[in-house]
Amino acid sequence: MSDETTHRILVVDDEEYIRDLLATSLRFQQFEVATAASGFEALRTVAAFGPSLILLDVTMPDLDGFEV
Numbered sequence: 004m005s006d007e008t009t010h011r012i013l014v015v016d017d018e019e020y021i022r023d024l025l026a027t028s029l030r031f032q033q034f035e036v037a038t039a040a041s042g043f044e045a046l047r048t049v050a051a052f053g054p055s056l057i058l059l060d061v062t063m064p065d066l067d068g069f070e071v
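Here the working numbering = 1-based position in the sequence shown + 3.
This is how it looks when you write it as C-alpha cells:
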C-alpha cells in the first residue's frame, strides 16, 4: 500500500468475535480499522472516522444493515 493513501475500513457487526477477527485481519494488511457493534454506533462512527469502505452485517438487533 502507498504511504500517501490511508485506507479506512469500518467493520460493523453485533457479534464481537466477528468484529475482532475482521479488524485484526485488516490491520495485519495495514488498513486503518474502526469497529461498531450496532447500527446506531455505525452511523456515529461514519461521521467521525470517514471510512473508504464499510463491512456491514445485515442482521443486527437495533438497526439492520439495510436500515443503516
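All C-beta atoms, glycine included, are put in the ideal place defined by N, C-alpha and C.
Extent of the continuous beta strand (DSSP E) to which glutamate 35 belongs: Where glutamate 35 is concerned, the enclosing beta strand (DSSP E) starts and stops at 35–39.
query: How would you write the range of the alpha helix (DSSP H) that valine 49 sits in, first residue to last?
result: Start and end: 42–52.
query: Buried or exposed: aspartate 16, going by 16 or more other Cβ atoms within 10 Å of its Cβ?
result: Result: buried.
- request: Measure the CB-CB distance between alanine 40 and arginine 47 and report whether it falls below 9 Å.
  value: For alanine 40 and arginine 47, no; Cβs fall outside 9 Å.
message: For aspartate 65, count the other beta carbons within 10 Å of its own beta carbon; 16 or more makes it buried, fewer makes it exposed. Which is it?
response: By the neighbour-count rule (16 or more Cβ atoms within 10 Å), aspartate 65 is not buried but exposed.
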